[in-house]
Amino acid sequence: MSEATTDAKIRLDRLNVHFGANHAVKEVTMAMASNSVTAIIGPSGCGKSTVLRSINRMHDLTPGARVNGSVLLDGEDIYRKECDPVTMRRRVGMVFQKPNPFPAMSIYDNVIAGYRLNGRGRRSEMDALVEQCLQRVSLWDEVKERLHVNAMQLSGGQQQRLCIARTIAVMPEVILMDEPCSALDPISTLKVEELIDELKEKYTIVIVTHNMQQAARVSDTTAFFYLGELIEMGDTKKIFTNPEKRQTEDYITGRFG
Amino acid sequence: MISYRLRRKLLNLLMTLGMLTATLLVLTPLGLIFFHILKMGFSSINLDFFTQIPKPPGEAGGGMANGIVGSGLLIATASLIGLPLGIFGAVYLSEYGSSRFSSLIRFSADVLSGIPSIITGMVVYGLLVVPMKGFSALAGALALALIMLPIVLRTTEEQLKMVPMTLREASLALGVPLWRTTLKVTLKSALKGIITGVLLAVARVAGETAPLLFTALGNMFWSHKLNEPIAALPLQIFNFAISPYDDWHRLAWGGALVLVTLMFTLSLLARWFGRTR
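Line by line, the protein sequences give chains A and B. Just add 57 to the spot in the first sequence (first one is 1) and you have the numbering used here. Take the second sequence: its letter number 234 is residue 227 in the numbering used here, and every next letter is one higher.
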């Protein structure tokens, strides 16, 4: 654990999230190393998505949500007063459970949507970026002939890869993934998993998943949550073969959850 | 067994016939209105109707060009006032507002849309006509805008609420500020529905007569100034229909036909925009 904390990209310190009277996340302290994949697993309602969404302040928009404690990104608390959530979110991208390309935009415009905001947008640069991002998610060959058709015409798996391309087009440092494969078929899932493995060279990835095989396949570190608490966190291989806590073992062996 | 089958088929036939009758009954008034207006008004429709102003009583011919242009100007001005207020108000309600204040606004809008339009006209009379010391197109437009406002507000809000939260989140997660997310993602996704709502609101006020009685007043001549009384198609229909002159009655029928056709077109357009992809 001490090694992980020294070069931690993200560190949660006594994080608590309340939704009204519901105490959804309790006193969570954990760290995610840079250029690694951290998987968050646990049964439904255990607070794993809530933890993930607090790493880029997605709860700001939820009425009645309160976040206490701190989330350090490169050692700086993103919940401090001076922190601008908009610029912070450019460093911490997010991929959602259901593929959500912008329905009123073309494939091209979807990829470039976040990038356009920085004002610098020469056509040739944008073309290059779109190609590069779509190549990166291995969607380029499938869509290069029809970049300007509506993004909703793609299949679910293609849409999700498009969403990942859109996320990396703003060049974030961290990518948060909230069950990115739960709406996809096995082949698309495999593609996204391969992609995660490649992306970790450049990005720090935190992925929430219901699928334990997936967590075992893609992650370096796994954190197990139960009822809003972090039960156990450690090397993925160790968590899945020799967990320390009884609850973790019960969950990964399928005795509850 | 046979009798049961027969009974079932008979009952089915009976119910189908019953519902068919109900449908026809519902459609009858619409058909009656439309065909009657068509029959009475068609003969008055000619080029003069769209290019001439009304002739003095006793003289045949003339048209309602000033009423048509006046109505167009009133609706355009009313839209200029009512649409931004309604749409931005809806954006506030659905994207920014705190819940208690929002429900107050929503309730006010519902009450406003329930107010009889003649009352709206009277209020604008007190608000604008009296201080300006005269009837004016501006006052008429304001009265129409007040009628449009709650319709546009509520339909736009409904459309914005139908935009999935995940789209807003996707945009925000890209580091797009909330205002830009609202403009480029939320409003853009809801655009079709908003246009439908706007068209229906326009169609609604295009036929309003009562709120114009004490505001725009009507005008027998050309006018395009906002600070002077202006002609409007429904007002002209009203004034001519209650007049004792046959020539004017004919013009009124023609006006009714034009107005009904306009509203029919607007409703069709609204449906066309609102159709599912």
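For every residue, glycine included, the Cβ atom is placed at its ideal position computed from N, Cα and C.
> Apart from the five residues on each side of it in sequence, which residues of its chain come closer than 8 Å, Cβ to Cβ, to lysine 259/A?
Replying inline: Asn92
> Can a CB atom of chain A be found closer than 8 Å to the CB of serine 182/B?
Replying inline: yes
> Name the chain B residues that come within less than 9 Å of threonine 144/A, Cβ to Cβ?
Replying inline: Gly168
> Along the segment 217 to 247 of chain B, what residues have a CB closer than 7 Å to any CB found in chain A?
Replying inline: none
> If you compare alpha carbons, which of Val200/A, Ala65/A, Phe297/A and Glu289/A is closest to arginine 274/A?
Replying inline: Phe297/A
> For arginine 93/B, which three-state DSSP category applies?
Replying inline: helix
>> I'd like the list of long-range same chain contacts for aspartate 235/A, defined as Cβ closer than 6 Å, with 5 residues on each side in sequence excluded.
In response: Ser106, Leu109, Phe153, Gln154 and Val265
> Which residues bound the beta strand (DSSP E) around tyrosine 283/A?
Replying inline: 278 to 283
>> Which residue marks the beginning of the alpha helix (DSSP H) containing histidine 29/B, and which one marks its end?
In response: -5 to 34
> Any idea if proline 50/B is buried or exposed, counting beta-carbon neighbours within 10 angstroms, 16 or more meaning buried?
Replying inline: exposed
>> Based on DSSP bridge pairs, tell me the residues matched to glutamate 133/A.
In response: Leu130/A
>> Can you list, in chain order, the residues of its chain with a C-beta nearer than 7 Å to that of leucine 184/B? Leave out the 5 residues immediately preceding and following it.
In response: none
> Touching or not, the segment 63 to 75 of chain B and the segment 131 to 139 of chain B, by the rule of three or more beta carbon pairs under 8 Å?
Replying inline: yes
> Where do the N-terminal and C-terminal ends of the alpha helix (DSSP H) with alanine 65/A fall, by residue?
Replying inline: No alpha helix (DSSP H) holds alanine 65/A; the beta strand (DSSP E) holding it covers 65 to 76.
> For cysteine 103/A versus leucine 284/A, is the C-beta spacing smaller than 8 Å?
Replying inline: yes
>> Among Phe281/A, Cys140/A, Gln189/A and Thr261/A, whose alpha-carbon lies nearest the alpha-carbon of leucine 233/A?
In response: Thr261/A
>> Report the CB separation of methionine 33/B from glutamine 229/B in whole angstroms; it is logged as a contact under 8 Å.
In response: Contact flag wrong, Cβ pair sits at about 16 Å.
> Exposed or buried, what is arginine 179/A when buried is set at 16 or more other beta-carbons lying within 10 Å of its beta-carbon?
Replying inline: exposed
> Taking just the CA atoms, how far does glycine 171/A sit from isoleucine 13/A?
Replying inline: Given a span of 58 to 314 for chain A in the structure shown, any question on residue 13/A remains unanswerable.
> Which runs of the alpha helix (DSSP H) spanning at least 4 residues fall entirely within the segment 81 to 121 of chain A, listed in chain order?
Replying inline: 105 to 111
> Can you name the start and end residues of the alpha helix (DSSP H) that valine 145/B belongs to?
Replying inline: 130 to 154
> Taking Cβ-Cβ distances shorter than 7 Å, what residues in chain A pair up with glutamate 271/B?
Replying inline: Outside the modelled stretch of chain B, which goes from -6 to 270, sits residue 271/B, for which no answer is possible.
> For valine 206/A, does the count of other Cβ atoms within 10 angstroms reach 16, so buried, or fall short, so exposed?
Replying inline: exposed
> Which residues mark the beginning and the end of the alpha helix (DSSP H) in which valine 191/B is found?
Replying inline: 180 to 199
> Can you pull the DSSP bridge partners for valine 152/A?
Replying inline: Met234/A
> First and last residue of the alpha helix (DSSP H) that includes threonine 315/A?
Replying inline: In this structure chain A extends from 58 to 314, so residue 315/A is not present and cannot be described.
>> Whole angstroms are fine: how far does the CA of arginine 71/A sit from the CA of lysine 302/A?
In response: 20 Å
>> Mapping the DSSP letters down to three states, classify proline 47/B as helix, strand or coil.
In response: strand
>> My assumption, with CB atoms under 8 Å, is that leucine 176/B sits in contact with leucine 262/B. Please give the rounded CB distance.
In response: Going by Cβ atoms, the distance from leucine 176/B to leucine 262/B rounds to 25 Å, so no, they are not a contact pair.
>> Under 8 Å, Cβ to Cβ, is there at least one residue of chain A near leucine 165/B?
In response: yes
> Do you know whose CA, among Ile(-5)/B, Ala102/B, Leu6/B and Lys126/B, lies nearest alanine 209/B's CA?
Replying inline: Lys126/B
> Taking the DSSP output, what are the residues bridged to serine 163/A?
Replying inline: Asn207/A
> threonine 310/A: which of His75/A, Phe281/A, Ile221/A and Val82/A sits nearest, CA to CA?
Replying inline: Phe281/A
> Using the beta-carbon of each residue, which ones in chain A are nearer than 7 Å to valine 178/B?
Replying inline: Phe159
> For the ligand MN, is there a heavy atom less than 7 Å away from the beta-carbon of glycine 114/B?
Replying inline: Questions concerning the ligand MN fall outside what the structure shown contains, since it holds no ligand whatsoever.
> Any idea what DSSP makes of glutamate 139/A, helix, strand or coil?
Replying inline: coil
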